[in-house]
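All remarks here apply to the structure that follows.
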Amino acid sequence: MSEDRESLATAGEVRTEELLINMGPQHPSTHGVLRVVLRTDGELVLDAVPHIGYLHRCAEKIGEKVAARQWIPYTDRMDYLAGMNMNLGWSLTVERLLGLEVMEKARHLRVLIAELGRIASHLVAAGTYGLDLGSFTPFMYCFRERERILNLFEAVCGARLTYSYITIGGLMADLPPGWLEQCEAFLDQFVPVIDDLHDLLSTNAIFIKRTAGVGVLSREDALDYGCTGPVLRGSGVNWDLRRDGDPFYTRMYEGYQFDVVVCRDGAYPQNPPCPRVPREAVLGDCWHRFFVRMVEVAQSIRLVRQAMQRYRQAEGDIGRPIKLTDKLPPGEVYLETECPKGQMGFLVVGQGEAVPWRARARSSSFCNLSALRHLCRNCLIADVPAIVGSLDIVLGEVDR
Amino acid sequence: MEIAGVAERLKARLGGLVEGLQSPGGDQAIVVAADALPEACRLLRDDPDLRFEMLNCITAVDYLQTDPKKVAKTPWQPHLELLYHLSSLTHRTRLVLKVMLPRWQDDVPGRLPRVPSVSGVWRAAEWHEREVYDLSGVEFFGHPDLRRILCPEDWDGHPLRKDYQMPKEYHGIRVR
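Keeping their order, the protein sequence lines are chains E and U.
Using the working numbering, the first residue of the first sequence is number 1, and each one after it goes up by one.
Using the working numbering, the first residue of the second sequence is number 1001, and each one after it goes up by one.
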């Protein structure tokens, strides 16, 4: 091979060779401290090997040292863009081990908060995805709306990022007076913004050129790599834990009306209406993964509205956090919940003490990211940020 | 299919290598011998009545009582457990598969217990097995690229082992 090239060079032609490029760990389009080593041939990526672990903070080891409830702040710092959903996952897991069930009021409040968290997380995903592809405006739109959700969260728990609000046994506090009206006002002004975002991104010709047909993940590969959430649904798999999950989790959504966002016969659920799939898009590509999130935002609004109504009418109270000295019975419980990035699983092993024997976090971003090498094979260098962004990873959750 | 039925189906194929059901409280699990793992997994994935298409998670739990005061009351002998959480989208079922391991191969401290890799069955196992190897110290043979994933490549020891001692120094940097 090298001799051939030598002779080509002497024949007056340009000598070419493969080049290793280090992308990250401080590259803005890797969404955190992710390093991808690209083996390139000109503009073509022959191989992309992700290296993770830069944000490893030994969360699971810490989980074996502190009481179950004291681990909640650590779950906040896993997917720090959806702290509420992380709190919920761990709380439900431990509650199932304890045989605890929260009252109606707490249940509806949890749905309300978790779905707002999902909207906030998807807004970051959409905004930064625009940035990755060189469009700045949608980022401002998305972050403006996310700020409003964070204001609502700040009003309920005092924190804007690491909430520790949903807790084992219920929630830390009830809603302050007038909060529901503020939330209602937020939703009313937010609904038209979704159409703006569709105009700016989903149906934008340049955006479609950059994402449609890029990084196609087949249904089989998505399952094989353990991809979940919008990545799995973007590949056309009709699977959402809010409907199909463990009964202990789906009970929370009992009686709620929402559509699982998945492309069926070339179209997405039209309640509320959303744009049509462009001709260039292929099921499982970056465009579909992005679009699933956008449609999910609309579904989450539906859920928030229902939850607000039910919360108003619900009986009971918001529950009380368990005591730090409450002992966990012997046993193992593994529970997955549908978080914005995918299925976040928690495992708790109790041994009759307040401190779990083992606490395990199965991260959705971790599994989704493991498909990156497969997705980037033979794509163009410029497509790598498009693919990484479409997976919507948070490195805090990947590395834990 | 209920978990007991799944256990029966596995037993019919693998015989004594399937040790049966275990329910320590919480989730029920099917205990399988390490040698039978890849075949059991392939059966679980491919049998039309089972179809566990997705491997959700692999976890290792280290059972070692490090507190000398509690050793007498501890109901188990030191060992390691590997948990495989699977789900079937076709049948909407979940399953826990468990493998019991010694903490060290041949009881020689430092020699990691060995388990066949299931990365040939689900590619999701590739990263999960790397993580378990890295943090809990289990060697998966047949894995295409078994190296540390979260800790640095030259890190010493496996942090999620109960008897893990944090090093004092790493490349001349004080760690604790």
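Where a beta carbon is used, it is the ideal one built from N, C-alpha and C, also for glycine.
Check: Tell me, please, which residues DSSP counts as bridged to asparagine 238 of chain E.; Outcome: For asparagine 238 of chain E, which the question treats as bridged, DSSP gives no partner whatsoever.
Check: Rounded to whole angstroms, what is the Cα-Cα separation between cysteine 1151 of chain U and valine 1108 of chain U?; Outcome: 24 Å
Check: Measure how close the beta-carbons of arginine 242 of chain E and glutamate 338 of chain E come, nearest whole angstrom, since I'm counting them as under 8 Å.; Outcome: 5 Å
Check: If you count every other CB in all the chains shown that lies within 10 Å of the CB of lysine 1168 of chain U, and 16 or more means buried, which is it?; Outcome: exposed
Check: So what does DSSP say about tryptophan 90 of chain E, is it helix, strand or coil?; Outcome: helix
Check: If contacts are defined as beta-carbon pairs under 8 Å, then methionine 23 of chain E and arginine 110 of chain E qualify, I think. What distance do you get, rounded to the angstrom?; Outcome: Incorrect: roughly 39 Å between the Cβ atoms, too far for contact.
Check: With a 10 Å radius around its C-beta and 16 neighbouring C-beta atoms as the bar for buried, classify histidine 1171 of chain U as buried or exposed.; Outcome: exposed
Check: With asparagine 378 of chain E as the anchor, note down where its alpha helix (DSSP H) starts and where it stops.; Outcome: Unbroken run through asparagine 378 of chain E: none, as it is neither H nor E.
Check: Could you list which residues in chain U have their beta carbon closer than 8 Å to that of tryptophan 239 of chain E, in chain order?; Outcome: Leu1089
Check: Alpha carbons only, please: which of E/Cys274, E/Val282, E/Phe186, E/Thr203 is nearest the one belonging to glycine 236 of chain E?; Outcome: E/Val282
Check: Which residues in the same chain as leucine 1082 of chain U place their Cβ atom closer than 6 Å to its Cβ, once the five residues preceding and following it in sequence are excluded?; Outcome: Ala1060, Val1099
Check: Taking cysteine 1151 of chain U as the query, report the chain E residues whose CB atoms sit under 9 Å from its CB, ordered along the chain.; Outcome: Gly53, His56
Check: Any C-beta of chain E sitting closer than 8 Å to the C-beta of threonine 1066 of chain U?; Outcome: no
Check: Would you verify that the beta carbon of tryptophan 1104 of chain U is, or is not, closer than 8 Å to some beta carbon of chain E?; Outcome: no
Check: Provide the residue span of the beta strand (DSSP E) that contains methionine 23 of chain E, from first to last.; Outcome: 19-23
Check: Measuring alpha carbon to alpha carbon, tell me which of E/Phe139, E/Leu20, E/Gln26, E/Val49 ends up nearest aspartate 41 of chain E.; Outcome: E/Leu20
Check: Around the C-beta of lysine 1069 of chain U, are 16 or more other C-beta atoms found within 10 angstroms, so that it is buried, or is it exposed?; Outcome: exposed
Check: Reducing DSSP to helix, strand and coil, say where arginine 279 of chain E ends up.; Outcome: coil
Check: Kindly give me the distance between the Cβ atoms of glycine 1026 of chain U and glutamate 332 of chain E, rounded to whole angstroms, as I take these residues to be in contact under 8 Å.; Outcome: 5 Å
Check: Counting along the chain, where does the beta strand (DSSP E) carrying tyrosine 253 of chain E start and finish?; Outcome: Counting along the chain, tyrosine 253 of chain E falls outside any beta strand (DSSP E), and DSSP gives it neither H nor E.
Check: With a cut-off of 8 Å, does the C-beta of leucine 347 of chain E fall near any C-beta of chain U?; Outcome: yes
Check: Could you name the residues of the same chain whose beta carbon sits closer than 8 Å to that of lysine 1011 of chain U, not counting the 5 residues immediately before and after it, in chain order?; Outcome: Val1018, Gly1020
Check: Am I right that alanine 1125 of chain U and isoleucine 1058 of chain U are in contact with their C-beta atoms under 8 Å? What's the rounded C-beta distance?; Outcome: 6 Å
Check: What is the C-beta distance between glycine 226 of chain E and cysteine 367 of chain E, in whole angstroms, given that I count them as a contact (C-beta under 8 Å)?; Outcome: 4 Å
Check: Between which two residues does the beta strand (DSSP E) containing serine 1088 of chain U stretch?; Outcome: 1079-1088
Check: Closer than 9 Å by beta-carbon distance: list the chain E residues that pair up with aspartate 1107 of chain U, in chain order.; Outcome: The premise fails here: aspartate 1107 of chain U is roughly 22 Å from chain E at the closest Cβ pair, so nothing lies under 9 Å.
Check: Assess contact between the stretch 125-140 of chain E and the stretch 303-322 of chain E, defined as three or more Cβ pairs (one per stretch) separated by less than 8 Å. Is contact present?; Outcome: no
Check: Which word fits aspartate 383 of chain E, buried or exposed, when buried means at least 16 other C-beta atoms lie within 10 angstroms of its C-beta?; Outcome: buried
Check: Just how far apart, CA to CA, sit proline 230 of chain E and alanine 114 of chain E?; Outcome: 16 Å
Check: For cysteine 1151 of chain U, which of helix, strand or coil comes out of DSSP?; Outcome: coil
Check: Whole angstroms are fine: how far does the CA of proline 1075 of chain U sit from the CA of valine 388 of chain E?; Outcome: 47 Å
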